[in-house]
Structures are given as C-alpha cells and as structure tokens.
DNA sequence: AGGATAAATGGACTATAGTCCGTTTGTGTG
DNA sequence: CACACAAACGGACTATAGTCCATTTATCCT
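Residue numbers (UniProt numbering), protein chains in the order written: chain W, 1 to 186; chain S, 1 to 186.
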C-alpha cells in the first residue's frame with residue numbers, strides 16, 4: 001500500500017544508457033558476440049550497476065524485448081479476433097502460434113539469450129508465464145477434460161528459441177514454421 | 001582402409017579413472033554441484049586431459065550415458081515390437097516415446113547436462129540424431145505427405161531434458177508423462 | 001634393446017558470468 | 001541550506017568452462 005518509491009535520477013539515466021549501448025552492440029556484433037563487460041564498458045557504467053539493474057544476461061534481453069512483447073500481450077488480451085477475444089478457442093490457439101512465431105523469428109537471438117542465459121531461465125521469465133497461462137486457458141476450453149496446465153507447457157516446447165534456432169538453421173523459416181504449426185494444430 | 005589406431009594404454013586408464021570419478025562425484029554431490037575441475041582432481045588427472053578426451057561437459061555426460069543409451073537404440077533397431085520393428089508406425093512411435101521417457105526420467109540430470117552444456121548442444125549429440133532419424137522415418141510412414149524431418153524435431157522438443165525437468169518439478173512425473181504422451185499421440 | 005615418432009599429459013592461461021562491499025550521490029527533511 | 005540516509009555505484013574478486021603448448025610417455029620399427 002506504500003507508494004512505489006520513485007526511481008532515482010542517476011538510476012534512470014544509467015538504465016537508458018545501458019539499453020542503448022546493448023542495442024547498439026548487439027546490432028553491430030551480434031547477440032552472441034557481446035559480453036556483459038562489453039555492454040558495461042560501452043555504456044560507461046560499472047559491472048555492478050549493470051547486474052544490479054538487470055540481474056543477469058537473461059534480464060538484459062528481457063528488458064530489450066519488453067516493448068515488442070507487450071504489444072503481443074496486449075493484442076492477445078484486447079486486440080481483434082482471432083488473436084484477441086471473440087473467436088473460438090481452437091482458432092485463437094492457432095492465431096497465437098502464428099503471432100508468436102512472427103515475434104520469435106523477428107527477435108530470435110534476443111529471445112534465445114533471454115531463455116538460455118541460465119538453466120531453467122525460460123520457465124522463470126514473466127513473459128513465458130503469460131504465454132503459458134494463455135495457452136492453458138484456451139486448451140481447457142478447446143479440449144475439456146484434458147490436463148491443460150502441463151499440456152500447455154508441452155505445446156510451447158517446440159516454440160523454444162533454442163529449438164526454433166536449430167530448425168531455422170537446418171530447414172529455413174518457412175518449413176520450420178509449417179512443422180511447428182502442423183504439430184500444434186494436430 | 002587404415003586400421004583404427006589402438007587407444008594408448010595410459011589414455012584408456014585415464015578414461016576409466018575419469019568416468020569412475022565423475023560417476024562417484026555426481027552420485028555424492030549431484031550433477032549440478034560438480035565442476036570439471038573437481039572431476040579432474042578426483043580422477044587424479046590434469047584438466048587438459050579431461051577436456052582432450054571428452055571435449056566438454058556435454059561430452060562427459062554423453063560418455064556416462066553411453067551404455068544405457070545403446071541399450072535403447074538396440075531395442076529400437078532389433079528388439080521386440082512394438083518398440084522394435086514389426087508393429088505399425090503409429091504404435092512404434094508411442095512405444096518409442098514411452099521408452100524414451102523411461103530412459104530420460106531415470107537419468108534426467110545427466111541428460112540435461114548433456115543437452116545444455118553449451119548452446120545448441122542437444123542438436124549436435126549423436127544420440128539426438130538417432131532419435132530424430134527414427135522418429136522421422138516413422139512419421140513419414142504414419143503420415144504420408146507430411147514434412148517428416150522438421151516435424152520430427154518438433155515432436156522431440158517436449159522431450160528435451162530442460163523441458164521435462166521443469167514439468168516434473170511442477171507437476172510430478174506422472175502428469176508430466178501423460179501430458180507429453182497426449183501431445184505426441186495427438 | 002634403443003631410438004624415432006606421434007599421442008597423451010597437465011597445469012598455467014584466458015574469457016566471462018556473476019558477487020561483494022566500501023564509496024559516492026541523489027533526495028527528502030528540519 | 002545543510003544533513004542524514006537510503007539507494008546506487010563501480011571495480012576488485014570469485015568461480016568455472018575451455019584453450020594452449022612445452023614436456024612426458026607409449027608404441028612401433030630396425
């Protein structure tokens with residue numbers, strides 16, 4: 001019930017500097033070619049500051065993805081059908097998979113960084129919990145009687161960035177998408 | 001054409017020492033609580049030797065899993081139906097998933113170590129290629145016209161050790177198995 | 001046996017994620 | 001304005017995976 005204490009001015013300034021530096025370095029050298037030290041140096045900030053603010057590599061990636069991710073979440077919660085409310089559960093499910101694949105393929109490296117920075121990272125991220133809840137609710141509606149919660153995890157497994165990276169590398173985006181779509185809608 | 005050059009005696013001795021030491025430490029302290037340094041020290045062997053022989057953490061885990069893994073592979077290639085040849089493709093597929101889940105849940109930590117030591121490790125391991133080829137062949141037979149190769153990857157995605165670890169931790173092995181089975185047979 | 005050769009060894013070295021804590025700085029208060 | 005205090009800072013420190021290469025050693029050939 002206390003008011004949220006305002007973010008200090010230097011903290012805000014540094015957060016901006018770090019995000020800008022990270023975006024720049026990732027663009028120039030690729031996500032996998034940039035160390036946390038390099039991000040801190042480019043931002044003109046100490047290492048401790050970087051980790052205090054973002055927790056770990058995964059947290060930095062999540063912060064960079066935040067805006068895009070929220071767009072998708074809002075489209076699901078309140079956008080037009082079939083992605084948003086209004087369509088039947090089965091249709092919303094396939095619409096979600098398509099939209100998520102758009103998002104994923106557009107930011108594959110960054111999502112992979114957010115999911116693989118530490119073991120089990122994927123399942124701890126706030127965004128994953130959102131996708132999971134969404135899918136679980138739709139599954140419960142589309143297939144009454146199924147054990148929706150674990151099934152939703154299983155359904156999301158082929159959408160893991162690590163998996164899609166391997167699939168895209170071997171078959172290209174088009175076949176990769178089709179395969180995942182085929183499994184999920186079946 | 002050339003005969004395979006025999007393994008030198010000291011190399012064989014050290015390989016045995018390392019595998020024994022690793023098995024012992026993993027049993028005592030858990031897979032995640034043992035560093036490569038610790039394995040080398042316990043085996044009375046230099047770090048360079050450890051890495052030269054096994055490549056990386058993933059390789060060490062694979063070596064430890066080797067025997068169990070080969071049993072399953074042989075049962076698939078030449079064992080009794082429905083896991084081995086003789087049953088219809090769809091039945092062999094569900095039999096494979098059951099058998100693989102047995103194997104996976106019995107060695108979850110070690111398989112996870114083998115799959116997550118480095119990014120993309122899972123898809124480079126020889127064993128994974130075997131499971132993938134098996135599943136792809138069965139899929140091509142069970143669902144003619146489907147794009148079996150990428151679809152087989154998608155089908156294997158929920159069987160990733162990382163995913164099953166999260167599922168088992170949250171819902172226990174029974175529900176986890178049922179969920180994966182439901183997705184794969186659907 | 002003895003020497004040539006290639007394989008194997010081991011530990012110092014590098015790279016990198018993440019922690020810790022003494023110091024600095026912004027902010028709200030008298 | 002000055003002061004107190006919590007928040008933020010930054011860089012030294014730790015832990016660990018993986019590399020490198022000068023040295024040692026097994027094996028093969030004569």
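Backbone N, C-alpha and C fix where the C-beta goes; we use that ideal spot for every residue, glycine too.
Cα-Cα separation between residue i and residue j, rounded to whole angstroms
i	j	result
residue 32 of chain S	residue 115 of chain W	19 Å
residue 186 of chain S	residue 92 of chain W	19 Å
residue 180 of chain W	residue 156 of chain W	10 Å
residue 85 of chain W	residue 52 of chain W	38 Å
residue 69 of chain W	residue 62 of chain W	9 Å
residue 7 of chain S	residue 47 of chain S	19 Å
residue 150 of chain S	residue 80 of chain W	31 Å
residue 25 of chain W	residue 34 of chain W	7 Å
residue 147 of chain S	residue 97 of chain S	20 Å
residue 30 of chain S	residue 107 of chain S	12 Å
residue 120 of chain S	residue 38 of chain W	24 Å
residue 129 of chain W	residue 71 of chain S	37 Å
residue 145 of chain W	residue 94 of chain W	20 Å
residue 172 of chain S	residue 104 of chain S	14 Å
residue 13 of chain S	residue 49 of chain S	12 Å
residue 27 of chain W	residue 11 of chain W	24 Å
residue 2 of chain S	residue 126 of chain W	Note that residue 2 of chain S scores a pLDDT of 49, beneath 50, so its modelled location is shaky; the value from the coordinates is reported in the next line. Straight-line Cα distance between these residues: approximately 56 Å.
residue 22 of chain S	residue 169 of chain W	34 Å
residue 54 of chain S	residue 73 of chain S	21 Å
residue 158 of chain S	residue 5 of chain W	42 Å
residue 58 of chain S	residue 87 of chain W	45 Å
residue 36 of chain S	residue 113 of chain S	12 Å
residue 152 of chain S	residue 152 of chain W	19 Å
C-beta atoms of residue i and residue j nearer than 7 Å
i	j	result
residue 56 of chain S	residue 117 of chain S	yes
residue 139 of chain S	residue 154 of chain W	no
residue 177 of chain S	residue 101 of chain S	yes
residue 75 of chain W	residue 142 of chain W	no
residue 83 of chain S	residue 99 of chain S	yes
residue 60 of chain W	residue 110 of chain W	no
residue 123 of chain W	residue 166 of chain S	yes
Beta-bridge partners of residue i, as assigned by DSSP
i	result
residue 85 of chain S	S:87
Exercise. Between the stretch 157 to 177 of chain W and the stretch 126 to 142 of chain S, do three or more beta carbon pairs fall short of 8 Å?
Worked result: no
Exercise. Is the stretch 33 to 48 of chain S close to the stretch 4 to 22 of chain S, with three or more CB pairs under 8 Å?
Worked result: yes
Exercise. Using Cβ-Cβ distances below 8 Å, what residues of the stretch 126 to 150 of chain S are close to chain W?
Worked result: 146, 147, 149, 150
Problem set entry | Near-chain S residues of the stretch 31 to 57 of chain W (beta-carbon distance less than 9 Å), N- to C-terminal order | 32
For this session: Would you list, in chain order, the members of the stretch 174 to 186 of chain S that have their beta-carbon closer than 7 Å to a beta-carbon of chain W?
Result: 175, 176, 178, 179, 180, 182, 183, 186
Problem set entry | Members of the stretch 78 to 100 of chain S near chain W, C-beta cut-off 7 Å | none
Exercise. Of the residues that make up the stretch 161 to 172 of chain W, which ones have a beta carbon closer than 8 Å to any beta carbon in chain S?
Worked result: 162, 163, 165, 166, 167, 170, 171
Problem set entry | Contact list for the stretch 105 to 120 of chain S against chain W, Cβ threshold 7 Å | 116, 119, 120
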